[in-house]
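Residue numbers (UniProt numbering), protein chains in the order written: chain A, 1 to 461; chain B, 1 to 185.
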């Protein structure tokens, strides 16, 4: 494979980046055997994983320069594009990240895409350490008939749309062809999209929701949202704060919405009770759902919208509308929980009983998926980069070796779950691995291929 | 604090007038209005953070007019730092004023769990007001949760807490793939 011709702007970028490796400073010269000074680190991705990693690298080592790159012109990843607009307190963390970027030893480069503007090998030749923090920008799918009908979107796309992400500003979901929306999944992202669909638009108007989304929601005809989960209330992935917001009656909660939960769905088996015994989160979620099921819903006048929790149903087909142009209904199969002997978890198995649920829009919120890139090992089954405490491995097999100077953090490392703060501890682990390798002298190789490759790239530029 | 950034060299393909620019600028300006470090976004919390305990009836005109208590933070590596905290200040604020590495992602708005501290003496834990539902919701998600865990932004200094010891939770958990042993390189 010949050496790729670098695009003009990338050449300029490499020139800009290159001088930093040879910049004069009091402690700059690395002699053979001593630690690299300064250590040049590139963090790919500027969400919480990337920024916490940058922060800890800056704190962890005196002589270090961190460049954070992102394919978007603006930083902060899902804090900007994933957190719901009516959750502004969750975005306060950008203040901390901004302070990191303002550090003279740190720089942010937007509009730089790994895989097209730069290849992974070029990056590894330019920097002593590369940390991949680019998250999970794709979705899990069901693989069932009708999944490509119009009107079916992943929650990620819908969330990016109302948060103004440049990739989705033209999504134009049709919110006017139906009164019923189905959300598949019962995690916090599912609750977010349900809440945004049901929230009074005057409340949304004072948030940073994208203007075009606010306009679309103002003319939305959706009055009913169904949150459909394969398993029961004990297995629902949402957490107490988000549930309280939907069920409660305090200032910022969801108003004018009747919430429907079937009492029959709340029956718990011994396995359910065991799950709750082992998890404080599940206990409190179950308590909230139980309380909500007993609330008598007033007769629904036209003013109130509806939110239905549908448990023990798994989608088997998406059915087209009458004119065949969009989705018109879903076929759902009733499920039962069975113990999966291997993992000890309870899994949903179909019972052969089916029912139909009419809807004009479906939002799939069943999980994100990371994207592989050329030159990077990837565990297709788990959707993560194989790694050992953040050190990238050459494959997921037992005979894999550690890739020198290459690390991973965040969703790309752990899988797409967790909150902003989960990345704090994830970043600590990866940075610990980097600093350990640094102390072992793994980044000093003045005569190695790295510097040679760097000089060649500079000549070509 | 500088908010506008001059475009970095890599961003000269910046799309003018794109949707992202408008909403990003709007978001950043709204976010910075939400609260600087140390203050919080919810008005009802402001009164909790800055209230003073009314235990003393005489006032020192010349000296500190706020009573102070002694608080010891125990770091993840076991090292300790003892600081003096005015009554009415939260432990999160006190930690930041004394360069103690207690995270505070949401700056005291009860929207995260990063200021999680462990009250080392259960007697001190029992002197605290019960956590609200909102605090418990955040504690649910805290790393290394214990029976005497609280959010640092919700623990307010009062005279009865003089001498309290707060531990920062041990953060690193072993994420290693089970049983994996890498080849020597």
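We treat Cβ as the ideally placed atom computed from N, Cα and C, and that holds for glycine.
Does any residue of chain A have a CB that is nearer than 7 Å to the CB of residue 99 of chain B? As a working note, residue 99 of chain B is residue 99 in the second chain. Not closer than 7 Å to any Cβ of chain A, the Cβ of residue 99 of chain B fails to qualify, so no.
Under a three-way DSSP split, which group does residue 144 of chain A fall into? By one-based count along the first chain, residue 144 of chain A stands at place 144. Of the three classes helix, strand and coil, the one that applies to residue 144 of chain A here is coil, per DSSP.
Could one say the Cβ of residue 385 of chain A lies closer than 7 Å to chain B's Cβ atoms, at least one of them? Along the first chain, read from residue 1 onward, the residue named residue 385 of chain A stands at position 385. No - not a single Cβ of chain B is within 7 Å of the one on residue 385 of chain A.
Per the DSSP calculation, residue 70 of chain B is bridged to which residue(s)? Here residue 70 of chain B corresponds to residue number 70 of the second chain, with the count starting at 1. Per DSSP, B:84.
To the nearest angstrom, report how far apart residue 369 of chain A and residue 62 of chain A are at their CA atoms. Start at 1 with the first residue of the first chain, and residue 369 of chain A comes out as number 369. Start at 1 with the first residue of the first chain, and residue 62 of chain A comes out as number 62. Using only the alpha carbons, I get a separation of about 36 Å.
In angstroms, rounded to a whole number, what distance separates the CA positions of residue 83 of chain A and residue 134 of chain A? Counted from its first residue, the first chain places residue 83 of chain A at position 83. Counted from its first residue, the first chain places residue 134 of chain A at position 134. In a straight line, the C-alpha of residue 83 of chain A is about 17 Å away from that of residue 134 of chain A.
Reduced DSSP secondary structure (H/G/I, E/B, other) of residue 35 of chain A: Working through the first chain from its first residue, we reach residue 35 of chain A at position 35. Residue 35 of chain A: coil per DSSP, three-state reduction.
Along chain B, in chain order, which residues have C-beta atoms closer than 7 Å to that of residue 96 of chain A? Within the first chain, the letter at position 96 stands for residue 96 of chain A. Neighbours of residue 96 of chain A on chain B, chain order: 105.
Starting from the beta carbon of residue 342 of chain A, find every residue of chain B whose beta carbon is closer than 8 Å, and list them in chain order. The sequence position of residue 342 of chain A within the first chain is 342, counting from 1. Result: empty, since nearest Cβ-Cβ is about 14 Å, beyond 8 Å.
In terms of residue numbering, what span does the beta strand (DSSP E) encompassing residue 330 of chain A cover? Within the first chain, the letter at position 330 stands for residue 330 of chain A. First-last of the beta strand (DSSP E) with residue 330 of chain A: 327–339.
To the nearest angstrom, report how far apart residue 40 of chain B and residue 263 of chain A are at their CA atoms. Residue mapping note: residue 40 of chain B aligns to position 40 of the second chain, counting from 1. Residue mapping note: residue 263 of chain A aligns to position 263 of the first chain, counting from 1. Because residue 40 of chain B sits at a pLDDT of 43, beneath the cut-off of 50, its placement in the model cannot be relied upon, and the following sentence gives the value as read from the coordinates. Answer to the nearest angstrom: the Cα atoms are 39 Å apart.
Is there at least one Cβ from chain A nearer than 7 Å to residue 143 of chain B's Cβ? The sequence position of residue 143 of chain B within the second chain is 143, counting from 1. So yes, residue 143 of chain B belongs to the interface.
Using 10 angstroms around the beta-carbon of residue 81 of chain A, count the other beta-carbons present and answer buried if the total reaches 16, otherwise exposed. Within the first chain, residue 81 of chain A is the residue found at index 81, counting from 1. By the 10 Å Cβ count, residue 81 of chain A comes out buried.
Separation of residue 253 of chain A from residue 382 of chain A, as counted between CA atoms: Translated into the one-based positions of the first chain, residue 382 of chain A becomes position 382. Translated into the one-based positions of the first chain, residue 253 of chain A becomes position 253. Roughly 36 Å separates the two Cα atoms.
Apart from the five residues on each side of it in sequence, which residues of its chain come closer than 6 Å, Cβ to Cβ, to residue 51 of chain A? On the first chain, residue 51 of chain A is found 51 positions in, with the first residue counted as 1. 97, 100.
Please report the distance separating the alpha-carbon of residue 149 of chain A from that of residue 170 of chain A. Numbered from its first residue, the first chain carries residue 149 of chain A at position 149. Numbered from its first residue, the first chain carries residue 170 of chain A at position 170. The straight-line gap from Cα to Cα measures roughly 18 Å.
Counting only the same chain and skipping the five closest in sequence on each side, list residues whose C-beta sits under 7 Å from that of residue 64 of chain A. Counted from its first residue, the first chain places residue 64 of chain A at position 64. Once the five neighbours on either side are set aside, the close Cβ partners of residue 64 of chain A are 38, 39, 41, 57, 58, 105.
Chain A contact residues for residue 133 of chain B, given Cβ-Cβ distances below 8 Å: Your numbering for residue 133 of chain B matches position 133 in the second chain. Near residue 133 of chain B (Cβ distances below 8 Å), the residues of chain A are 240, 244.
Min CB distance residue 153 of chain A to chain B below 7 Å: Residue 153 of chain A sits at position 153 when you count from the first residue of the first chain. Judged by the 7 Å Cβ criterion, residue 153 of chain A is not in contact with chain B.
At least one CB of chain A closer than 7 Å to the CB of residue 137 of chain B: is that the case? Against the second chain, residue 137 of chain B aligns to sequence position 137. By this cut-off, residue 137 of chain B is an interface position.
Use the C-beta contact count for residue 354 of chain A: other C-beta atoms within 10 angstroms, 16 or more gives buried, fewer gives exposed. Position 354 of the first chain holds residue 354 of chain A. Under this definition residue 354 of chain A is an exposed residue.
Whose C-beta lies closer than 6 Å to the C-beta of residue 112 of chain B among residues of the same chain, with five residues either side of it excluded? The residue you call residue 112 of chain B lines up with position 112 of the second chain. Cβ neighbours of residue 112 of chain B beyond the five flanking positions: 105, 106.
According to DSSP, is residue 397 of chain A helix, strand or coil? Locating residue 397 of chain A in the first chain gives position 397, counting from the first residue. Coil, per DSSP.
Could you tell me whether the Cβ of residue 28 of chain A comes closer than 7 Å to any Cβ of chain B? By 1-based counting over the first chain, the position of residue 28 of chain A is 28. Unreliable placement is indicated for residue 28 of chain A, whose pLDDT of 42 sits below 50; the coordinate value is still reported in the next sentence. No, residue 28 of chain A lies away from the interface with chain B (no Cβ there is under 7 Å from its Cβ).
Contacts of residue 40 of chain A in chain B (Cβ-Cβ under 9 Å): Working through the first chain from its first residue, we reach residue 40 of chain A at position 40. None at all; the shortest Cβ gap to chain B is about 15 Å.
Please list, in chain order, all residues of the same chain as residue 199 of chain A whose beta carbon is under 7 Å from its beta carbon, the five residues on each side excluded. On the first chain, residue 199 of chain A is found 199 positions in, with the first residue counted as 1. Cβ within range, chain order: 86, 254.
Looking at residue 184 of chain A and residue 366 of chain A, is the spacing between their C-beta atoms short of 7 Å? Walking along the first chain from the start, residue 366 of chain A turns up at place 366. Walking along the first chain from the start, residue 184 of chain A turns up at place 184. Contact: yes.
Does the Cβ of residue 267 of chain A lie closer than 6 Å to at least one heavy atom of the ligand GTP? Absence of the ligand GTP from the depicted structure is noted, as is the absence of any ligand whatsoever, leaving it without description.
For the region 419–448 of chain A, which residues have a CB atom closer than 7 Å to at least one CB atom of chain B, in sequence order? 419, 420, 421, 424, 425, 428, 429, 432
For residue 357 of chain A, list the residues DSSP reports as bridge partners. Translated into the one-based positions of the first chain, residue 357 of chain A becomes position 357. A:330, per the DSSP bridge assignment.
Skipping 5 residues on each side, what residues in its chain have a beta carbon closer than 6 Å to that of residue 95 of chain B? Position 95 of the second chain, counted from the start, is the residue given in the question as residue 95 of chain B. Cβ neighbours of residue 95 of chain B beyond the five flanking positions: 102.
Inter-residue spacing [alpha-carbon to alpha-carbon] between residue 443 of chain A and residue 419 of chain A: Against the first chain, residue 443 of chain A aligns to sequence position 443. Against the first chain, residue 419 of chain A aligns to sequence position 419. Each residue's alpha carbon lies about 32 Å from the other.
Just to make sure I have the definition right: I need the residues of chain A whose C-beta is within less than 7 Å of the C-beta of residue 140 of chain B. Which are they? The count along the second chain starts at 1 and reaches residue 140 of chain B at position 140. Result: 239, 240, 280, 281, 284.
Among A:237, A:404, A:431, nearest to residue 128 of chain A - alpha-carbon criterion: Here residue 128 of chain A corresponds to residue number 128 of the first chain, with the count starting at 1. Among A:237, A:404, A:431, the Cα nearest to that of residue 128 of chain A belongs to A:404.
Residue range of the alpha helix (DSSP H) that residue 50 of chain A falls in? As a working mapping, residue 50 of chain A is identified with position 50 in the first chain. Element bounds for residue 50 of chain A: 48–60.
Are the region 388–400 of chain A and the region 106–121 of chain A touching, with three or more C-beta to C-beta distances below 8 Å? no
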